[in-house]
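The next block holds one structure in the form of structure tokens; read it before the comments.
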Amino acid sequence: MIMDKFINECYLQKTNQFDALDVWNKINKIGVKIALSLDNKGENVIARLNSDNSKIIGVISDEDSKTLKPFFEAGWNEYDKDTKKINNPLFVGSISKVDDKADENKRIGICVFVKGCK
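Listed below in structure tokens is the structure:
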């Protein structure tokens, strides 16, 4: 059986600076699928709403991004601006915690998985 393999749980930061509040009714449930990629500058790992990859809902901290970033720099999880899709997805995510009263950087927790492991 092929399943996604859990590798990390982390919080999304800067949710107020991106689209998280605009799509709150879509992301405030545990299990909602998240797409991951690098930002346009290649500096931060960002989380996107999987059902609408044009909506960025936050960034993963530098510390939590250390293991993901080299894979993204090698061409995995590339965001295509034209098609608004993630190419070569190696990592996927899902919402694991939601607390609308928490600090902006502790409001949304996500689990990160390696896609399709045996």
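Sequential numbering from 537 applies to the sequence shown in the working numbering.
We put the CB at the ideal spot given by N, CA and C, even for glycine.
Only a predicted model underlies this, so the values are computations on that prediction, with no experimental measurement involved.
Paired residues, beta bridge with residue i - DSSP
i, result
"N644", "One detail in the question is off: residue 644 reads as Ile in this sequence, not Asn. According to DSSP, which records beta bridges pairwise, I644 is partnered with L548 and V634."
"V628", "A571 and F649"
"D616", "K621"
Spatial distance of residue i from residue j (CA atoms)
i, j, result
"V559", "K591", "8 Å"
"S632", "D588", "19 Å"
"I570", "M537", "22 Å"
"D616", "A583", "14 Å"
"L626", "D575", "16 Å"
"N552", "D618", "25 Å"
"E599", "Y547", "11 Å"
"T603", "N580", "12 Å"
Delimiting residues of the beta strand (DSSP E) encompassing residue i
i, result
"S590", "D588 to I596"
Residue i (DSSP reduced to helix, strand or coil)
i, result
"K577", "coil"
"I538", "coil"
"I582", "strand"
"I566", "coil"
Beta carbon of residue i nearer than 8 Å to that of residue j
i, j, result
"G652", "E545", "no"
"K550", "G594", "yes"
"N564", "D636", "yes"
"N641", "N624", "no"
Enclosing alpha helix (DSSP H) for residue i [first to last residue]
i, result
"F607", "K605 to E609"
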